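Sequence order for the protein chains is A and B. Under this note's numbering, residues 1 to 156 are what the first sequence spells out, in order. Under this note's numbering, residues 1001 to 1156 are what the second sequence spells out, in order. Glycine residues also receive a C-beta, built at the ideal position from the N, C-alpha and C atoms. Model, not experiment: these values are computed from the prediction. A short write-up of the structure that comes next.
Number of protein chains: 2
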Amino acid sequence: MDDVAKPERPAHRAARGYRWEKVELRPYKEDERALFKSITRQVLFSDPGLASELRYFEVDPGGFSTLERHQHMHAVTVLRGSGTCLVGNEVRAIKPHDLVTVPPWTWHQFRAAPDEALGFLCMVDALRDKPTLPTPDDLAELREDAKVAAFLDGRT
Amino acid sequence: MDDVAKPERPAHRAARGYRWEKVELRPYKEDERALFKSITRQVLFSDPGLASELRYFEVDPGGFSTLERHQHMHAVTVLRGSGTCLVGNEVRAIKPHDLVTVPPWTWHQFRAAPDEALGFLCMVDALRDKPTLPTPDDLAELREDAKVAAFLDGRT
């Protein structure tokens, strides 16, 4: 017998609403320093045979992801609901099946609409760096742009 | 100036039905030897900064993808419609948001329902091998399983 664990690879995992068979509902992240609200994570694909992972994040109405940046990119496909995203200094309304590209070292955050959850797929490299949080100076610089400040305050 | 082309990375590309801004509608594949029917391809994410690509395939009612296998894996998320997939010797009905995992060197094919298109996202490694088509012997072996034979003949 090979002593390397064989990955479990069920051919088909059914969706049931926005939950999936054999996929655990997890907290968004473990980092206690990061500010975020009302968001869950499900890892849909993660396998030693795949160079990337596909995760599903769901943000409750009024919730938001962490404002952060990192070397690795995010490739996001919205699945449900509506909200707004910040990528660099761009603020965009997003709706189902829209695509969002987060380039390396670009500040980004996702916010659900006040009255509707926002669910999205996010593809990332399996091997990736840890996110960096903004310093007070970074935040001050971001806030120099009025529309970015409005986004950060949940006023968009 | 750096003479390496800077990738174009629009932060946001809106979905319009099952077409996307700045995404070209392409033929499914160029290989003339492969048997397939009524299927298109849109590459949603492909970037030198990403280890994987995310593509959207749409199969018209009654259409099907190529029966093939390869070293690289497929990580599929159904977006619209309904149909059936073959993975190894498993035949499964699929519906929106279901997940399909195709392990290395596993025969696979996707078929749309007779009366409904099937659209799905497929995540693959950016660096990957070319697909292999079945030999007559491979086909005979697959057909030994009655439910696989029914799938291959479009009778499921």
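Residues of the region 1015–1041 of chain B with a C-beta less than 7 Å from any C-beta of chain A: A1015, W1020, listed in chain order. The C-beta of L139 (chain A) comes no closer than 9 Å to any C-beta of chain B. Among the residues facing chain B, H72 (chain A) is included, as its CB has a counterpart in that chain under 9 Å away. Taken in chain order, the whole alpha helix (DSSP H) runs of length 4 or more contained in the region 88–153 of chain A are 136–143, 146–152. Under the Cβ distance rule, E90 (chain A) counts among the residues neighbouring chain B, one pair being separated by less than 9 Å. Q1071 (chain B) sits in coil when the DSSP states are folded into three classes, being neither helix nor strand. Looking at the DSSP output, V1023 (chain B) bridges to nothing. The shortest CA-to-CA distance from V1087 (chain B) to any of B:R1026, B:R1013, B:F1151, B:P1136 is the one to B:F1151. Secondary structure at T156 (chain A): coil, using DSSP grouped into helix, strand and coil.
Under the three-state reduction of DSSP, S1038 (chain B) is assigned to strand. The beta carbon of P1104 (chain B) sits closer than 9 Å to some beta carbon of chain A.
Cβ neighbours of R26 (chain A) within its own chain (closer than 6 Å, five residues either side excluded): R41.
Of the residues B:P1010, B:E1068, B:E1021, B:E1116, the one whose Cα lies closest to the Cα of L1133 (chain B) is B:E1068.
Residue environment for A1093 (chain B): exposed (fewer than 16 other C-beta atoms within 10 angstroms of its C-beta). Residue-level contact check: A1113 (chain B) does not touch chain A, since none of the beta carbons of chain A fall below 9 Å from its beta carbon. For L1054 (chain B), the uninterrupted beta strand (DSSP E) run begins and ends at 1052–1064, by DSSP.
Three or more Cβ pairs closer than 8 Å define a contact, and the region 141–151 of chain A falls short of that threshold against the region 1004–1015 of chain B. Exposed is the label assigned to T135 (chain A), since fewer than 16 other Cβ atoms lie within 10 Å of its Cβ. Residue-level contact by beta carbon fails for V59 (chain A) and chain B, as no gap is shorter than 9 Å.
The residue among B:T1066, B:V1023, B:A1051, B:L1044 with its C-alpha nearest the C-alpha of M73 (chain A) is B:A1051.
Pairing Y1028 (chain B) with T1084 (chain B) gives a Cβ-Cβ distance that is not under 9 Å.
For A14 (chain A), the secondary structure class from DSSP, reduced to helix, strand or coil, is coil.
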